[in-house]
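J.:
Residue numbers (this note's numbering): 19 to 266.
So, in structure tokens, the structure goes:
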């Protein structure tokens, strides 16, 4: 006869993780549903993944310079982690804020981003988006490292506002302006942190162009998150404000 507690835990672990063995399901069932959910939601209270097997028998993973190595490392974590929801959210954000191996020339970039998703992915979305805006893989993938005072590259600013944050309203109108897109191209240069971006030849980081002035955003629309009157603000403030929902 089927055990409803085991069935419930099996469903939970498929949705909040990558499944579980029968022995693990029995352990979860003994803890109870609420205790198991609390455990999933507090990954930092669970032991981190033991890396001894990789370090001893798969030493190439440290270099992370090949797609296959990254795939093997991520798969290993998904199978063996004691923090399944954290790893599932890491995979989820990797699908939303995607970067491609076809462009990122150094595998360590993507691992750095995945580690950022592990750290930020179950917390504040504004904080996650701010971290993403200075993430080397994203900065390189969307060409923000090529954006300078006299040659603005709009890729990151457009993706940020169109896909990651503001999008299109129920009226079919964009919740941002073309001017906002241009200003967001300089997002990382106005005090979020000392922006460092990837050197495309060596994989090292270097300071951004010292000739690039601080960026401000003149918002003339974005009426979904603030009054429609023109406001001048730093781009970090724009990021925070662009994620707010109307109270009404």
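Here a beta-carbon is modelled for each residue, glycine too, at the ideal position from N, C-alpha and C.
With 16 other CB atoms within 10 Å as the buried threshold, where does residue 228 fall?
T.: In this prediction, residue 228 has a pLDDT of 36, which is less than 50 and means its spatial position is unreliable; what the coordinates show is noted afterwards. Result: exposed.
J.: Which residue wins for smallest C-alpha separation from residue 160, given the options 147, 47, 175 and 148?
T.: For the residues 147, 47, 175 and 148, the minimum Cα distance to residue 160 belongs to 175.
J.: So the alpha helix (DSSP H) residue 149 belongs to, where does it begin and stop?
T.: Start and end: 143–151.
J.: What are the residues that DSSP puts in a beta bridge with residue 87?
T.: The partner list for residue 87 (beta bridge, DSSP) is empty, contrary to what the question assumes.
J.: Buried or exposed for residue 86, going by 16 or more other Cβ atoms inside 10 Å?
T.: So residue 86 counts as exposed.
J.: Just the Cα atoms here: how many angstroms apart are residue 34 and residue 177?
T.: Going from the Cα of residue 34 to the Cα of residue 177 covers about 28 angstroms.
J.: Expressed to the nearest angstrom, what Euclidean distance is found between the alpha-carbon atoms of residue 146 and residue 138?
T.: Roughly 5 angstroms separates the two Cα atoms.
J.: Apart from the five residues just before and just after residue 24, which ones in its own chain have a Cβ nearer than 8 angstroms to its Cβ?
T.: Result list for residue 24: 40, 43, 44 and 47, in chain order.
J.: Check whether the stretch 97–110 touches the stretch 52–67, counting contact only when three or more Cβ pairs, one atom from each stretch, lie closer than 8 angstroms.
T.: Yes, the stretch 97–110 touches the stretch 52–67.
J.: Label residue 135 either buried or exposed according to how many other C-beta atoms from any shown protein chain fall within 10 Å of its C-beta, with 16 as the threshold for buried.
T.: Burial call: buried.
J.: Could you tell me the distance, in whole angstroms, from the CA atom of residue 189 to the CA atom of residue 107?
T.: Cα to Cα, the separation comes out at about 31 angstroms.
J.: Pick out whichever of 114, 113, 91 and 84 has its Cα sitting closest to the Cα of residue 71.
T.: That would be 91, whose Cα lies nearest to the Cα of residue 71.
J.: With the cut-off set at 7 angstroms, would you say residue 154 and residue 127 are in Cβ contact?
T.: Against a cut-off of 7 angstroms, the Cβ pair of residue 127 and residue 154 comes out as a contact.
J.: What is the rounded straight-line gap between the Cα of residue 241 and the Cα of residue 142?
T.: Its pLDDT being 33, under 50, residue 241 is placed unreliably in this model, and the value from its coordinates should be taken loosely. Near 23 angstroms, if we compare the C-alpha coordinates of residue 142 and residue 241.
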